[in-house]
Amino acid sequence: GFSPDDIKEIERLATEHGIGAVMAPNFALGAVLMMHLAKIAAKYLDYAEIIELHHHLKADAPSGTAQTTARAMAAARGKPFLHPQGKDTASRGDRVEGVSIHSVRLPGLMAHQEVILGAPGQTLSIRHDTINRECYMPGVMLAIREVVGRKGFVYGLDKLLGL
């Protein structure tokens with residue numbers, strides 16, 4: 217994935233050269249909607265974790281989509297998520313903005329992410345599954361159509377979708 221410094225550099229170059237640039241952590245429209253719904257839910261439920269599963273050749277863990285989701289949820293929430301009382305161990309996942317992210321890498325998987333939010337007596341799960349790479353094309357085509365008429369940098373398909 218790209219580091220925050222990498223993203224700032226791409227934004228700087230697009231602005232400096234007066235060209236359009238679109239960068240997205242995920243081009244699957246379903247994944248973009250999952251992230252949007254997770255931001256809405258984050259305002260109302262005090263606990264959150266993300267489980268993301270990908271093929272064994274994926275270079276990063278946690279995925280850029282999981283990290284972006286956690287950051288967006290924290291920003292939308294405006295206050296830290298609570299953590300259940302109990303022993304904190306390494307198996308609790310990598311924390312990004314207070315959200316524990318659990319990464320699974322196995323042959324046979326493509327890309328899957330589940331956001332699980334909770335409160336006393338209830339949970340809400342929001343899940344996206346990539347079955348094959350065909351699902352990325354509508355998002356890629358949207359980005360291509362939109363970038364042509366733009367100047368500057370846009371991060372995330374959510375902005376192109378008006379979310």
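When we follow the numbering used here, the leftmost residue of the sequence shown carries the number 217, and every step to the right adds one.
Every residue gets a Cβ at the ideal spot worked out from N, C-alpha and C, and that includes glycine.
Over what stretch of residues does the alpha helix (DSSP H) that includes residue i continue unbroken?
i, result
"E395", "For residue 395 there is no data in the structure shown, the boundaries of the chain being 217 and 379."
"L373", "L373 to L377"
"G280", "G280 to R293"
Going by beta-carbon coordinates alone, are residue i and residue j separated by less than 8 Å?
i, j, result
"L379", "H252", "yes"
"K255", "A286", "no"
"H344", "A247", "yes"
"M250", "V331", "yes"
"V363", "V238", "yes"
"L373", "A240", "yes"
"Y352", "A275", "no"
"L333", "L261", "yes"
"P296", "G309", "no"
"L229", "H271", "no"
According to DSSP, is residue i part of a helix, a strand, or is it coil?
i, result
"A258", "helix"
"Q329", "strand"
Just the Cα atoms here: how many angstroms apart are residue i and residue j?
i, j, result
"E265", "T281", "13 Å"
"R321", "I360", "30 Å"
"E225", "L273", "27 Å"
"R259", "P336", "Note that residue 259 is Lys in the sequence shown here, rather than Arg. Computed Cα separation, rounded: 15 Å."
"K367", "P300", "45 Å"
"E227", "P323", "35 Å"
"G302", "T284", "27 Å"
"I347", "P354", "15 Å"
With distances taken from CA atoms, which of the options is nearest residue i?
i, options, result
"H328", "S219, S341 and A335", "S341"
"R293", "Q283, D310, Y263 and I235", "Y263"
Terminal residues of the continuous beta strand (DSSP E) containing residue i?
i, result
"R311", "D310 to V312"
"A277", "Segment: none, A277 is in no beta strand (DSSP E) and carries neither H nor E."
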